[in-house]
Every structure is written in C-alpha cells, then in structure tokens.
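Numbering (the UniProt record's numbering), first residue to last: 1 to 328.
Worksheet: one structure, shown below.
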Amino acid sequence: MTAAATERGTAATPGRRDPQGRGRGIPSHRRGSAWREARPALLFLSPWIVGFVVFTAWPMIYSAYLSLTDYDVINTPEFVGLENYAKLASDEKVLLALGNTALFTLMQVPLYVVVSLLLALLLDRAGRASGFFRTVFFLPKMTPPVAVGVLFLLLFNGQNGLVNTVLGWFGIDGPAWTTDPAWVKPGLVFMSLWTVGASVIILLAALRNVPETLYESARLDGAGFWRSAWSVTLPMISPALFFIIVVNTIAGFQTFDEAYTAFFGAGNTTYSNDAALFYVIYLFQQAFEFLNMGYASALAWLLFAIIMAVTAVQLIVSKRLVYYEGDR
C-alpha cells in the first residue's frame, strides 16, 4: 500500500486524527440529535431570554450610552463624553446620598439578619404551629412598599404615633422619628424589619437541614447549647446567612420606595428630606423630576460599580467564613 493510500485511509477512518493534526468532526446525525434535544430547553427558556434581553441587557447597554450624553428626554441626546462622570465628583448631593445610603445599609443589614435568625430559631421549636407562623411572618412581605411608607408616618409620628405611645407607657420619651435628622434613618431601619419574613423562611429551611447527628456528637463531647450553636449551627447555616447578607446589602443600596413615599412623595416638604435622601431617590429626581437622564444614567452606573465592589469584597471574605458541606 502506498503512502498516499495509507494517508487517505487514515483520514477516512472515524475516531482518528489525520497527519495534519485535525480532529474528526461531529457526525451530522449527532449534531441533529443534539439540536433536537436542545430545542425544548430553548423553548422553555425563551420567555426568560426575551425578557432578559428586552428589560435588562438592552436597557443597561442604552443607559451606558446615555451616561455619555446630555439628554433631557425631549431632545436628541448630545454626546458629551465623560462630562457626567466628572460632574459626579463635584456634586455634594451625591456624597450626601451615598453617605445616607451607606449608613442606612450598615445599620439595617446586621439588625435584619439577627432578627431573622432569632425568629427562625423560634419557629424551629414551634412544632406543628410553625406552618401558621411562617405564613404570618411572610404576609407583610406582600404589603406594597407605598403602604409601608404611609404606615411609617403613622407609627413613628413624634406627636401621636403608636411607637412613641407605647414607649410612653414605660416612661420613655420617644424621639421625633420623622423630623429629627438623627432619628430618620434609625426609624426607617426599624420599619424595614416589617419584611423579614422571607429571610426567616430561608433560615428556617437551613436550620432544618442541619444533620441531627452533628448535635449528638457535640453533646457527647460535652458541648452545651451555646457551644453547639457556635460550632455546629452557625457553620452549617453560613451559606444561607451569607446569601441573606449579600441580598440585603444590595437591597439596602437600592432603598427607595418607603423613604420616598414618607419624605418626598406628593411634594412633601414637612419632614427632614436631606436625612432621608438616599442614592436611588436622588437618581430618580435627576431622571424624572429634573429630566437629566444622561446624568441619572451616570449615577446608575456609579451605583452599579459600588454594588459590584461591595459584593466582590463579601465574596472574598466568605471564603474564610462560609462553610459548605463539600469543603475539605
């Protein structure tokens, strides 16, 4: 057999490489089979794919373009380069809004997580009644945020609000939650606990997935309740805790509805607006009140960068603090 014939035979034999180093191609019938198997999955995913492209990907791309323009919604966008981003550094309202938002988030997230964990621990011991209480805790999550903002003004009114009335029963003179700048953010933090129900359910599920054998081993080693909680419970539910911390940190930076309804809605000028001027509220004002859509887009991308940076730091820290059962 000649060398040429040998080469042709090698190239024609399935599963072998030819002397040029080229791999064999996928047979056409296998490609067709793979496509037939993928079509149902793509069909089911298509509503999400279309929704993501139309309502998330495209708006993000377009807002990135608008951040480089001077656009008032009415006239054609005028390209101005990085002028909007340069303006961010000199805008005092940006620093004020970022400071308010960061302080609110630093106060809200730890308290939110602690309250959620305590309620989940109580539910874990509730037995058959836990189903009823899970529903009760979750129902406030379904309350419209605008209603929560109005409820905030009713409950935390410094003159005749329910919170100060109850504090008065114990001889405590309640603060002016809605007018004193020092108490506006703490009041909003306490009001945010209204919606801990979703986190409670997540943590309850994590608690019930902790193997009982781990607690038995801890008791055999002489560990008490607190030692078991520290060495068994917290490590085993740390992924759920980490998820709640990350999600609520992102939500804290995006706080808008309740604060806007309580302090800025319907031309409200009665209360201390600057203390409740959160970043997304200022972004909303620039976009829809002042029609500075280009500048608002730059504000949005700055917020995106901040959230990405904070989340990246949390992910790095989690490698030391979060335990997964597959870890060695």
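Just so you know, even glycine gets a beta-carbon here, dropped at the ideal spot from N, CA and C.
Note that the coordinates shown come from a computational prediction; the quantities given were computed from them, not determined experimentally.
Boundaries of the alpha helix (DSSP H) in which residue i is found, first to last residue
i: Gln285; result: Neither: Gln285 is in no alpha helix (DSSP H) and is coded neither H nor E.
i: Ala296; result: Met293 to Leu321
i: Lys185; result: Pro181 to Ser192
i: Asp257; result: Asp257 to Phe263
i: Thr213; result: Glu212 to Leu220
i: Ala205; result: Gly197 to Arg208
i: Val246; result: Leu234 to Phe253
i: Phe225; result: Phe225 to Ser228
i: Pro145; result: Pro145 to Leu155
i: Asn164; result: Leu162 to Trp169
i: Ser130; result: Ser130 to Phe138
Closest by C-alpha distance to residue i, when choosing among the options
i: Phe264; options: Gly99, Ser33, Gly149 and Ser67; result: Gly149
i: Lys185; options: Met308, Phe132 and Ala262; result: Ala262
i: Phe243; options: Asn75, Thr311, Ala64 and Gln159; result: Thr311
i: Trp183; options: Ile202, Val200, Trp169 and Phe152; result: Phe152
i: Lys319; options: Pro239, Ala64 and Val113; result: Pro239
i: Phe299; options: Thr76, Asp91, Ser46 and Pro40; result: The residue asked about is misnamed: residue 299 is Leu in this sequence, not Phe. Closest by alpha carbon: Asp91.
i: Ala305; options: Met60, Ser33 and Phe55; result: Met60
i: Tyr62; options: Phe284, Val313, Ile316 and Trp301; result: Trp301
i: residue 332; options: Tyr65, Lys87 and Leu88; result: One cannot answer for residue 332 here, as it falls past the ends of the chain, which runs 1 to 328.
i: Phe132; options: Ile201, Val246 and Gln254; result: Ile201
i: Thr178; options: Ile172, Asn164, Pro144 and Gly168; result: Asn164
i: Pro181; options: Leu103, Phe256, Trp226 and Arg36; result: Leu103
i: Leu111; options: Asn248, Gln254 and Leu303; result: Asn248
i: Val313; options: Glu37, Arg128 and Val246; result: Val246
i: Tyr324; options: Ala206, Leu154, Lys87 and Thr213; result: Ala206
i: Gln254; options: Thr105, Trp35 and Phe225; result: Thr105
i: Gln286; options: Lys87, Val136 and Phe79; result: Lys87
Residues near residue i by beta carbon distance below 7 Å, same chain, minus five either side
i: residue 333; result: Nothing about residue 333 can be reported from this structure: the residues present for the chain run from 1 to 328 only.
i: residue 329; result: With the chain running from 1 to 328 in the structure shown, residue 329 is simply not present.
i: Leu117; result: Leu203
i: Val322; result: Ser238, Pro239 and Phe242
i: Ala126; result: Phe133
i: Val54; result: none
Residues near residue i by beta carbon distance below 6 Å, same chain, minus five either side
i: Gln108; result: Val189, Ser192 and Gly252
i: Arg22; result: Per-residue confidence for Arg22 stands at a pLDDT of 49, beneath the threshold of 50, marking its modelled position as unreliable; no derived number is given.
i: Pro175; result: Trp183
i: Asn84; result: Ser67, Gly294, Tyr295 and Ala298
i: Val50; result: none
i: Ala218; result: Ser228 and Val232
i: Phe170; result: none
i: Thr270; result: Unreliable positioning characterises Thr270 in this predicted model, as indicated by a pLDDT of 49, which lies under 50. A coordinate reading is not provided.
i: Asp257; result: Pro145
Own chain partners of residue i with C-beta closer than 8 Å, once the 5 adjacent residues on each side are dropped
i: Val115; result: Leu193 and Val196
i: Arg208; result: Asp124
i: Leu204; result: Ala120, Leu123, Asp124, Ser130 and Arg134
i: Val210; result: Val232, Thr233, Met236 and Ile237
i: Asn273; result: Phe263 and Phe264
Validate contact between the region 135-149 and the region 185-195 using beta carbons, cut 8 Å, 3 pairs:
yes
Note down, one range per segment and in chain order, each alpha helix (DSSP H) of at least 4 residues found wholly within the region 54-113.
58-66 and 83-90
Under 8 Å, with one C-beta from each stretch per pair, do the region 282-294 and the region 69-79 reach the 3-pair mark?
yes
Is the region 89-100 touching the region 276-283 in the sense that three or more CB pairs, one from each, lie closer than 8 Å?
yes
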